[in-house]
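The structure under discussion appears below in the form of structure tokens.
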Amino acid sequence: MTTDNKDFNAAAATWDEKPERVKLAGEVAEAIIRQVAPNRTMKAADFGCGTGLVSLKLQPLVAFITGIDSSSGMLDILKAKIAEGKLPNIDTRLLDVEKGETLTGEYDLITSSMTLHHMREPEALLRQLNAVLAPGGILAIADLDPDDGLFHEDNTGVHHRGFDRSALRAMFAEAGFSDIRDSTATEIIKSAPDGTKKVFSVFLVSGRNVRS
Ligand SMILES: C[S@@+](CC[C@H](N)C(=O)[O-])C[C@H]1O[C@@H](n2cnc3c(N)ncnc32)[C@H](O)[C@@H]1O
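Below, the structure written as structure tokens:
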């Protein structure tokens, strides 16, 4: 764990150049599609959207999707993709929840991939996300199962070494979610310098807002 933040602006320009990152995002999007069935009536948001690797997979399936991120560099890449594709139903919002900036709006679906481990206070984030979900709205979060801090080559900005699924499910319940489900979205095999291979798994935990 670290107390520093990662410089995502510096990482933005080359973010999409790692094939395993693009593959991971695609498999998370497929898991979201399987587990929560996004549809064309839904107003969605992708929290910690980065360059939109997951958001752009969901964009054709929903009424509208907003990519939310604290990095202007990441959002600039996503904005360029939106402009190039002339995509009418997606926009971006620059927002840092850890600087006290609050989410606004009302969403039927909020997704988030590989961002929770960068949050110092995941419980606070779940409560904030719950507050901007419409009654019956769905939150779907993908992140690492416990990884002993070995997934990232550099753990700057990594505040959690993965998450225990049952603890996260309890956190969802505490934040006001019901119908909580989990599945394995994907597995990533990485080779260590000594040639040994390690498998890291990524979960998808989803829950439905029970506020009326
Ligand atoms: C590991 S990246 C994942 C990006 C994207 N979801 C993907 O799968 O490629 C984490 C993202 O969370 C964003 N992020 C980190 N802290 C944040 C915060 N406090 N508020 C909003 N976004 C944040 C970063 O800027 C970065 O784009």
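Using the numbering used here, you'd call the opening residue of the sequence shown number 2 and step up by one each time.
Note that the Cβ used here is the ideal one computed from N, Cα and C, for glycine as well.
| Check | Outcome |
| --- | --- |
| Unbroken beta strand (DSSP E) run spanning P136, endpoints | 134-145 |
| Expected contact under 8 Å - CB spacing of G138 and D109 to nearest Å | 5 Å |
| Start and end residues, alpha helix (DSSP H) containing E31 | 20-37 |
| Candidates V98, Q60, R35: closest to K87 by CA position | Q60 |
| Completely contained beta strand (DSSP E) runs for the segment 154-200, where each covers 3 or more residues | 178-192 |
| Any non-hydrogen atom of ligand 1 closer than 7 Å to L54 Cβ | yes |
| Neighbourhood of E188 by C-beta, 6 Å cutoff - its chain only, sequence neighbours within 5 removed | V200, S202 |
| Beta-carbon gap between G51 and D70 smaller than 8 Å | yes |
| Rounded distance between the beta-carbons of G177 and N156, thought under 8 Å | Not really, about 31 Å apart at Cβ, beyond 8 Å. |
| Residue burial classification, E28 (beta-carbon count within 10 angstroms, cutoff 16) | buried |
| Beta-carbon proximity of S207 to R182, cut-off 8 Å | yes |
| Close beta carbons around N90, own chain, < 6 Å, minus the five adjacent residues each side | F65 |
| Euclidean distance between Cα positions of S192 and T42 | 42 Å |
| Residues surrounding ligand 1 [beta-carbon distance to nearest heavy atom under 5 Å] | F9, A26, G49, G51, L54, D70, S71, S72, M75, D97, V98, E99, S114, M115, T116, H119 |
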